[in-house]
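If you read the sequence shown in the numbering used here, its first letter stands for residue 26, the second for the next number, and so on. Beta carbons are placed, not taken as given, at the ideal position from N, Cα and C, and that holds for glycine. Note that the structure is predicted; figures quoted are calculated from it, not measured. Step one of this worksheet: look at the structure below.
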Amino acid sequence: MNQSEKKAFLRIWIAPRETIRHILNSTPTRTLLLIIVALAGIGSVASSLFFQPDLSFSPEQANWLPFDDLPFTMVWALVLIGGFLLGLISMYWLTPWLYTMVGKWFKGTGTFKQMQIAYVWANVPSMVFGIISLLCLISLGSSVLTPAAEVSGALLAVSLAYSYIGTIFTIWAFVLSLNTISVVHQFSRWSSLGTVLLSIILLIGFVLILSLITVVIIIIL
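Pasting the structure below:
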């Protein structure tokens with residue numbers, strides 16, 4: 026990581042537009058981009074596992090989620106490998122591609138490569154949350170898999186802090202993404218918001234159609 030990238034890690038939080046312009050005019054390190062998406066993906070996977078509510082509907086269904094019974098090494102593998110794959114597929118490829126394509130419908134001018142770099146950097150807050158998640162996993166061990174309803178004492182304070190920090194960083198990353206999309210496509214933040222919302226609608230529509238096709242195939246077979 027060069028000196029410019031070190032400064033960018035601090036500047037992106039408070040001056041995203043200026044920082045992204047500077048990054049796009051330089052030569053970003055691909056390894057650094059992959060590290061950001063890997064850690065951001067780890068944060069996403071961890072937040073879906075750590076201190077989650079018990080979704081049981083009856084005593085017989087208690088702890089129906091399998092994570093409580095997994096060996097701790099498997100939990101590590103799930104968080105690390107799953108996080109890296111999620112970051113690589115979603116943050117490094119799929120989402121930048123969607124924002125590039127949909128943004129052009131709003132008369133955006135950005136390229137996929139520019140969007141890829143900008144969107145990865147917009148996820149720096151998610152990367153920091155990923156680091157926090159790893160520290161929780163290291164320090165608390167399997168306690169992080171305790172259902173939210175059963176958490177008490179000091180662990181309750183940790184779980185609440187973890188949840189609040191995750192929410193704040195998620196919102197911050199969203200705000201940064203609106204700014205970075207705006208810079209890449211050279212249009213307003215409102216157009217950025219439209220790009221994000223339409224991309225979500227398209228993705229949901231694709232998943233629903235794919236699910237419907239799968240159900241039809243199962244019925245036919």
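Rank the options by C-alpha distance to the C-alpha of residue i and give the top, closest one.
i	options	result
Ile45	Ser69, Gly135 and Trp101	Gly135
Phe194	Gly108, Ser151 and Leu218	Ser151
Tyr117	Leu64, Ser73 and Tyr189	Leu64
Leu180	Val145, Cys161, Thr192 and Gly230	Cys161
Determine the burial state of residue i: buried for a count of at least 16 other Cβ atoms within 10 Å of its Cβ, exposed for fewer.
i	result
Lys32	exposed
Ile238	exposed
Trp215	exposed
Ala102	exposed
Gly191	buried
Leu246	exposed
Thr54	exposed
Near residue i, what residues of its chain come up, given a Cβ to Cβ distance below 6 Å and the 5 sequence neighbours on each side ignored?
i	result
Arg42	Asn204 and Val208
Phe75	Val169
Check whether the Cβ atoms of residue i and residue j lie closer than 8 Å to each other.
i	j	result
Leu113	Val62	yes
Gly155	Ile67	yes
Val149	Ile37	yes
Ala198	Ala147	yes
Thr57	Glu30	Note that residue 57 corresponds to Leu in the displayed sequence, not to Thr. Cβ distance < 8 Å, so Leu57 and Glu30 count as in contact.
Ser69	Gly108	yes
Ser217	Ile229	no
Using a Cβ-Cβ cut-off of 7 Å (strictly less than) and excluding sequence neighbours within five positions of residue i, which residues of its own chain qualify?
i	result
Pro212	Reading off the sequence, residue 212 comes out as Phe, not Pro. Excluding residues within five positions, the ones whose Cβ falls inside 7 Å are Phe131, Lys132 and Gly133.
Glu51	Note on identity: in this sequence residue 51 is Ser, with Glu being the wrong assignment. Taken in chain order, the residues that qualify are Ser29.
Leu159	Ile67
Could you tell me whether the Cβ of residue i comes closer than 8 Å to any Cβ of chain D?
i	result
Leu35	The question asks about chain D, but that chain is absent: this structure has only one protein chain.
Quick check: the stretch 126-143 against the stretch 209-222, are there 3 or more CB pairs under 8 Å? yes
Are the stretch 177-190 and the stretch 94-114 in contact at 8 Å, needing three or more beta carbon pairs? no
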